[in-house]
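Visitor: Per my numbering, the sequence shown runs over residues 3 to 82.
No residue lacks a Cβ here, since even glycine has one placed at the ideal position from N, Cα and C.
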Amino acid sequence: MRFVVGETKELKRKVYYRANEDQEWQLFRESNADEGGLQPLAFAADNSIYVSDSTYTDLAGIYLYDLNDGTSNLIHQDEY
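See the structure below:
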């Protein structure tokens, strides 16, 4: 499993994912670079990853994201 993160000339942050080297890269998440976004942090067991995500909130949180079903669970988020 691999992830790559980059920004376009239009200031779009794009996160791409592929399960293995035989697969094509797939767009995982896109956001405006000046707004919140998702940043992969670490791989976890059972096809999951830890991410920092502030896409839908002003505060970034640490989430465990399940790549099998697309669900995420908040692990930690500061109150401030």
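What does the alpha-carbon distance come out to for the pair Phe-5 and Leu-61?
Guide: The residue you call residue 5 lines up with position 3 of the sequence shown. The residue you call residue 61 lines up with position 59 of the sequence shown. C-alpha separation (whole angstroms): 23 Å.
Visitor: Check whether the Cβ atoms of Thr-57 and Gly-39 sit closer than 9 Å, and answer yes or no.
Guide: Counting from one through the sequence shown, the residue named residue 57 turns up at place 55. Counting from one through the sequence shown, the residue named residue 39 turns up at place 37. Closer than 9 Å, so yes.
Visitor: Using the three-state DSSP reduction, which class does Gln-41 fall into: helix, strand or coil?
Guide: Start at 1 with the first residue of the sequence shown, and residue 41 comes out as number 39. It is a strand residue.
Visitor: Spell out the partners DSSP gives Leu-76 in its beta bridges.
Guide: Position 74 of the sequence shown, counting from 1, holds the residue named residue 76. Answer by DSSP bridge pairing, in chain order: Tyr-65.
Visitor: Alpha carbon to alpha carbon, what distance is there between Glu-12 and Leu-69?
Guide: Here residue 69 refers to the residue found at position 67 when the sequence shown is read from its first residue. Here residue 12 refers to the residue found at position 10 when the sequence shown is read from its first residue. Approximately 28 Å between the Cα atoms of the pair.
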